[in-house]
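Written out below as structure tokens is the structure these notes cover.
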Amino acid sequence: MKLLFLGPPGAGKGTQAISVCKKYSLVHIATGDIFRKEFSEKSKLGVLAKSYMDKGDLVPNDITIKMVKKRLSQDDCVNGFVLDGFPRDVSQAESLEKICAIDYVVEIHCPDEQIVERLEGRLVCKCGATYNIVTNSPKVCGICDECGDRLYQRDDDKSEAIRKRLEIYHGTTEPLIAFYKLKGKYIMINGMQSIDGVFNSIVSELSRKF
Ligand SMILES: [Zn+2]
2 MKLLFLGPPG AGKGTQAISV CKKYSLVHIA TGDIFRKEFS EKSKLGVLAK SYMDKGDLVP
62 NDITIKMVKK RLSQDDCVNG FVLDGFPRDV SQAESLEKIC AIDYVVEIHC PDEQIVERLE
122 GRLVCKCGAT YNIVTNSPKV CGICDECGDR LYQRDDDKSE AIRKRLEIYH GTTEPLIAFY
182 KLKGKYIMIN GMQSIDGVFN SIVSELSRKF
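Written as structure tokens, this is what we have:
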């Protein structure tokens, strides 16, 4: 099972990817983790990638592809994997098809308005606790249950910032979705369900395909 997961910020893509990996004994592969591991081992590719990241630049495609290829050839990938955060664009997707064609792209689909509503309701505390005024509100409005400190909204969770992140998400993923749709490799999952509901939908779709 070789899968790619896509989903807008706040759709719970990472959580679902981890659950699916557990169920099918797949490996969860995030490019950030590959970069960190390569760098900690001081591999040529890792050091090169780090030099771009230190300057705040994106790691060039050919370096990323080489690292992903190396990762996918390791023994723990025999059952398959879930890619998270890669490929980012059609040119990376084309390169990936050449080294290791994926079976399906799973998109956790949520309407923008719902995402904005969900993320805008998020409140956090300096102690690390997270709340949501709709789904998980604190006992006392605006005060942390854990430590009694005042809760606040992260700049990232303000409506305008969320819309900007969604715009970037659509700009990068829509061409990718079109690319995989043409190959008959696209699965859309309704993200407007509970975490368990989304997971069950993914499993039922996958059981039909594999
Ligand atoms: Zn707190």
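Just so we're on the same page, the working numbering is the position in the sequence shown counted from 1, plus 1. Heads up, the beta-carbon is just placed ideally off N, CA and C, and yes, glycines get one too.
Check: Specify the secondary structure class of residue 243 as computed by DSSP and reduced to three states.; Outcome: The first residue shown for the chain is 2 and the last is 211, placing residue 243 beyond what the model contains.
Check: Which runs of the alpha helix (DSSP H) at least 4 residues long sit entirely within the region 53-100? Give them in chain order.; Outcome: 62-73, 91-100
Check: State the beta-bridge partners of residue 151 as determined by DSSP.; Outcome: 144
Check: Quick check on residue 54: buried or exposed, where buried means 16 or more other Cβ atoms within 10 Å of its Cβ?; Outcome: exposed
Check: First and last residue of the beta strand (DSSP E) that includes residue 103?; Outcome: That residue, residue 103, is in no beta strand (DSSP E); it is neither H nor E in DSSP.
Check: Compute the beta-carbon to beta-carbon distance between residue 1 and residue 80, rounded to the nearest angstrom, for a pair I have assumed lies under 8 Å.; Outcome: The structure shown does not extend to residue 1, since the chain is modelled only from 2 through 211, so no value can be given for it.
Check: Would you mind giving the Cβ-Cβ distance between residue 144 and residue 152, rounded to the nearest angstrom? I have them listed as a contact below 8 Å.; Outcome: 7 Å
Check: Does residue 108 pass the burial test, meaning 16 or more other C-beta atoms within 10 Å, or should it be called exposed?; Outcome: buried
Check: Quick one: give me the first and last residue of the alpha helix (DSSP H) that residue 24 is part of.; Outcome: 14-25
Check: Taking 6 Å as the limit, name every residue whose beta carbon sits nearer than that to some heavy atom of ligand 1, in sequence order.; Outcome: 126, 128, 130, 145, 147, 148, 150
Check: Quick check on this structure: which residue in 174, 69, 147, 116 has the alpha carbon closest to the alpha carbon of residue 126?; Outcome: 147
Check: Between which two residues does the beta strand (DSSP E) holding residue 6 run?; Outcome: 3-7
Check: Alpha carbon to alpha carbon, what distance is there between residue 40 and residue 67?; Outcome: 14 Å
Check: Is the CB-CB distance between residue 132 and residue 124 below 7 Å?; Outcome: yes
Check: Here's the rule: buried if 16 or more other CB atoms are within 10 angstroms of the residue's CB, otherwise exposed. What is residue 35?; Outcome: buried
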